[in-house]
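So for the sequence shown, the working numbering puts the first residue at 4; every next one is plus one. The structure under discussion appears below in the form of structure tokens.
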Amino acid sequence: MDFWHELPSPFFVLAPMANVTDAAFRQMIAKYGKPDVMYTEFVSADGLCLADDEGKAKLMRDLLFTEEQKPIVAQFFTNKPEMMERAAALAQKLGFDGVDINMGCPDRSIEKQNAGAKLMLNPKLAQELVAAAKRGAPKLPISVKTRLGYNKDDLEKWLPALLEARPAAIIVHARTRKEMSKVPARWERIKRAVEIRDEMVSETLIVGNGDVVDLEDANIKAEESGADGVMLGRAVFGKPWLFKNASAKLLSENSSEAYGKSSASDRFAHAPQPDFSPALTTRLRIAAEHAALFEKLLGDVKNFSIMKKHFKAYAEGFPGAKELRMKLMATNSAAEVKDIIETFILER
Ligand SMILES: Cc1cc2nc3c(=O)[nH]c(=O)nc-3n(C[C@H](O)[C@H](O)[C@H](O)COP(=O)(O)O)c2cc1C
């Protein structure tokens, strides 16, 4: 049995987000609120196979993970089965728990390579890519992350084609490529995806994605749609604790008693629970810790300005947030971030 099929029901997955869910943010999430499954950011399979040593070393940083992040899935994009096979073999060698094929990304640079969302226009190639990943990583479950269709909702044809390739899981972002993120996600189509899967008597798990704001919302959407799991992306911005109310113990400033004591057995009890937000001081120190970890793990290959979108999210919704945010946006190092945050805490 693959790890996907051993997860609780419903299960919750951290979405891949390029330049957001990097090794540093994933480590913060693993510490403060671990989801049932984590994903790397998308990584170019072609790059891993064909880039020069420096390029490869840079891409390998996107595949950095620790034991605490497991189960973790490596997400690749390519339109070449051979590259997918080699990238999947690498993922297996590196100790990943699964391989995911990106078939939904509208990013121009990826579509130019006829990968990502473009694969929805070529179901045969999509099937070949799944088969290639299986050949490359025979011990790992293969999943696909996709959308409802390219220019129009094509779920009725596209999903059966994908299911024929027998991936362990399909993550459906409930919009078309054309819609980008401009319209609300159509969760009723996730329900239909589950029906199609059932009609085909397929073992593939269906994971819904799009606009989910917290675990309570995720539980409701899973129940209404019948999805086996829910993937959350943007909701985790500035909230590495999003996935686990049980983190209350760690974040002791906000007494854990309000939410009951947690134990290993109820870590993944998925009954709807109130949104958990740590007290402001803790939250800001988490932001500083995140910046320090980013610098330590990725400082030599990624620009510190990548932290800006995190600062924007951490410094929001409290008196003085705007001024603090502006100061954080101008920083170039974790030490500066720490200074600014400690001064803010002292002066409050
Ligand atoms: C900044 C950003 C980067 C993303 N990068 C990826 C990616 O690398 N691979 C992928 O499959 N989807 C990527 N996505 C899409 C998300 O995984 C997810 O499908 C989308 O944000 C909808 O879910 P949400 O409403 O919970 O955020 C990205 C989205 C954002 C906002």
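Where a beta carbon is used, it is the ideal one built from N, C-alpha and C, also for glycine. Quick caveat, the model's predicted, so the values are computed rather than measured.
Which class does residue i belong to by DSSP, given the choice of helix, strand or coil?
i           : result
residue 264 : Below a pLDDT of 50, predicted positions are generally treated as unreliable, and residue 264, at 34, falls in that range; the measurement from the model is reported next regardless. Of the three classes helix, strand and coil, the one that applies to residue 264 here is coil, per DSSP.
residue 50  : helix
residue 324 : helix
residue 222 : helix
residue 207 : coil
residue 178 : strand
residue 134 : helix
residue 342 : helix
residue 240 : coil
residue 271 : With a pLDDT of only 38 at residue 271, under 50, the local geometry of the prediction cannot be trusted, and the value read off the model is given with reservation. If DSSP states are grouped into helix, strand and coil, residue 271 belongs with coil.
residue 139 : helix
residue 146 : strand
residue 98  : coil
residue 201 : helix
residue 151 : strand
residue 119 : helix
residue 251 : Residue confidence for residue 251 is low, a pLDDT of 39 falling below 50, so the modelled location carries little weight and cannot support an answer.
residue 282 : coil
residue 158 : helix
residue 246 : coil
residue 290 : helix
residue 166 : helix
residue 31  : helix
residue 10  : coil
residue 335 : coil
residue 329 : helix
residue 18  : coil
residue 171 : coil
residue 2   : There is simply no residue 2 to check, as the chain begins at 4 and stops at 351 in what is shown.
residue 4   : coil
residue 258 : Its pLDDT being 39, under 50, residue 258 is placed unreliably by the model, and the measurement read from it follows with that caveat. Here residue 258 sits in coil by DSSP.
residue 351 : coil
Return yes when the C-beta of residue i is under 6 Å from any heavy atom of ligand 1, and no when it is not.
i          : result
residue 79 : no
Measure the Cβ-Cβ separation of residue i and residue j and say whether it is below 7 Å.
i           : j           : result
residue 209 : residue 188 : no
residue 17  : residue 38  : yes
residue 150 : residue 213 : no
residue 118 : residue 79  : no
residue 136 : residue 91  : yes
residue 293 : residue 20  : no
residue 224 : residue 36  : no
residue 62  : residue 76  : no
residue 347 : residue 331 : no
residue 193 : residue 228 : yes
residue 317 : residue 290 : yes
residue 101 : residue 141 : no
residue 297 : residue 310 : yes
residue 344 : residue 300 : no
residue 120 : residue 109 : yes
residue 204 : residue 235 : no
residue 162 : residue 196 : yes
residue 148 : residue 174 : yes
residue 164 : residue 126 : yes
residue 74  : residue 233 : no
residue 87  : residue 49  : no
residue 153 : residue 180 : yes
residue 363 : residue 84  : Any property of residue 363 remains undetermined from this structure, which presents the chain solely from 4 to 351.
residue 238 : residue 15  : no
residue 342 : residue 171 : no
residue 52  : residue 89  : yes
Please list, in chain order, all residues with a C-beta atom less than 6 Å from at least one heavy atom of ligand 1. Working through the chain, the matches are 18, 19, 20, 21, 23, 44, 45, 78, 105, 107, 108, 148, 176, 212, 213, 214, 215, 235, 236, 237 and 238.
Ranges of the beta strand (DSSP E) found wholly within the segment 35 to 94, counting only runs of at least 3: The qualifying runs are 41 to 47 and 75 to 80.
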